[in-house]
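Chemist: In my numbering, the protein residues as written are 17 to 200. Just so it is clear, CB atoms sit at the ideal spot from N, CA and C, and this is done for glycine as well.
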């Protein structure tokens with residue numbers, strides 16, 4: 017969610033300045049206090065859905081224009097600020113969403129943690145989908161379409177994900193790996 021807060025911060029300020037509006041002007045049009053608008057523009061406050069709705073209605077802009085990243089924006093993601101977007105039932109597998117689905121992009125990027133002596137079965141992701149996986153720490157066993165592949169530290173594998181696949185950690189240490197999903 018950090019990236020949405022950054023996007024809203026940049027976009028609100030950009031829109032306000034392009035319209036030559038002060039924070040007071042925006043406050044009058046949206047019903048949001050000047051101090052809250054300032055916090056949103058500085059990125060120190062995460063606006064609620066209700067607040068975003070007031071901004072969109074008051075400024076008569078699209079929701080997408082408020083939350084979307086510009087094509088040339090630089091977005092930084094700090095894992096310390098992320099909460100797992102998925103945790104397996106036994107809590108041994110965690111996925112952190114670094115770059116989630118965006119309407120105009122055909123990829124998503126995740127960082128995964130797989131605890132020692134555990135495994136995780138991932139369901140298929142549909143036709144014409146691929147996974148690009150890189151192991152950063154440890155050794156990972158990946159089972160795809162009945163075949164087993166060992167991916168050691170600092171190595172990668174690419175495979176189609178139209179069917180289920182399995183990640184296995186048979187070692188005594190946590191395996192950390194990234195996954196980029198792509199589709200046509």
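Output needed for residue 61: all residues of its chain with C-beta closer than 6 Å, excluding positions within five of it in sequence on either side, in chain order.
Modeler: Taking the first residue of the chain shown as 1, we reach residue 61 at position 45. 55, listed in sequence order.
Chemist: Can residue 93 and residue 115 be called in contact, C-beta distance under 9 Å?
Modeler: The residue given as residue 93 occupies position 77 in the chain shown. The residue given as residue 115 occupies position 99 in the chain shown. In this structure, residue 115 lies closer than 9 Å to residue 93 by Cβ.
Chemist: Does DSSP put residue 180 in a helix, in a strand, or in coil?
Modeler: Counted from its first residue, the chain shown places residue 180 at position 164. Note: residue 180 maps to coil in three-state DSSP.
Chemist: Using CA atoms only, rank isn't needed, just tell me which of 123, 82, 131, 85 is closest to residue 149.
Modeler: Working through the chain shown from its first residue, we reach residue 149 at position 133. Considering only alpha carbons, the answer is 123.
Chemist: Give me, in chain order, the residues of the same chain whose beta-carbon lies closer than 7 Å to that of residue 140; leave out the 5 immediate sequence neighbours on both sides.
Modeler: Counted from its first residue, the chain shown places residue 140 at position 124. The residues are 177, 178, 179, 180.
Chemist: Mind reading off the beta-carbon distance from residue 91 to residue 28? Whole number of angstroms is fine, and I expect it under 8 Å.
Modeler: Locating residue 91 in the chain shown gives position 75, counting from the first residue. Locating residue 28 in the chain shown gives position 12, counting from the first residue. Wrong, their Cβ atoms sit about 16 Å apart, outside the cutoff.
Chemist: Please state the DSSP three-state secondary structure of residue 139.
Modeler: Position 123 of the chain shown, counted from the start, is the residue given in the question as residue 139. Looking at residue 139 - three-state DSSP - the assignment turns out to be coil, as it is neither helix nor strand.
Chemist: Checking 9 Å against the spacing of the C-beta atoms, do residue 5 and residue 173 come in under that value?
Modeler: This structure gives no information on residue 5, because the portion of the chain shown stretches from 17 to 200.
Chemist: Can the beta-carbon of residue 196 be found closer than 9 Å to that of residue 125?
Modeler: Here residue 196 corresponds to residue number 180 of the chain shown, with the count starting at 1. Here residue 125 corresponds to residue number 109 of the chain shown, with the count starting at 1. Yes. Within cutoff.
Chemist: Is the CB-CB distance between residue 128 and residue 165 below 9 Å?
Modeler: The count along the chain shown starts at 1 and reaches residue 128 at position 112. The count along the chain shown starts at 1 and reaches residue 165 at position 149. The answer is no: Cβ separation not under 9 Å.
Chemist: Just the Cα atoms here: how many angstroms apart are residue 76 and residue 26?
Modeler: Position 60 of the chain shown, counted from the first residue, corresponds to residue 76. Position 10 of the chain shown, counted from the first residue, corresponds to residue 26. Each residue's Cα considered, the two are about 17 Å apart.
Chemist: For the alpha helix (DSSP H) containing residue 106, name the first residue and the last one.
Modeler: For the purposes of this step, residue 106 is taken as residue 90 along the chain shown, with counting starting at 1. Premise fails: residue 106 is in no alpha helix (DSSP H) and is neither H nor E.
Chemist: Which residue spans inside the region 29-56 form an unbroken alpha helix (DSSP H) run of at least 4?
Modeler: The qualifying runs are 39-46.
Chemist: Nearest to residue 58 by CA position, among 198, 18, 47, 106, is which residue?
Modeler: Mapped onto the chain shown, residue 58 falls at position 42. Measuring from the Cα of residue 58, the nearest candidate turns out to be 18.
Chemist: Going by beta carbon distance, what residues of the same chain come within less than 7 Å of residue 144, once the five residues before and after it are set aside?
Modeler: In the chain shown, the residue the question calls residue 144 occupies position 128. Around residue 144: 199, 200.
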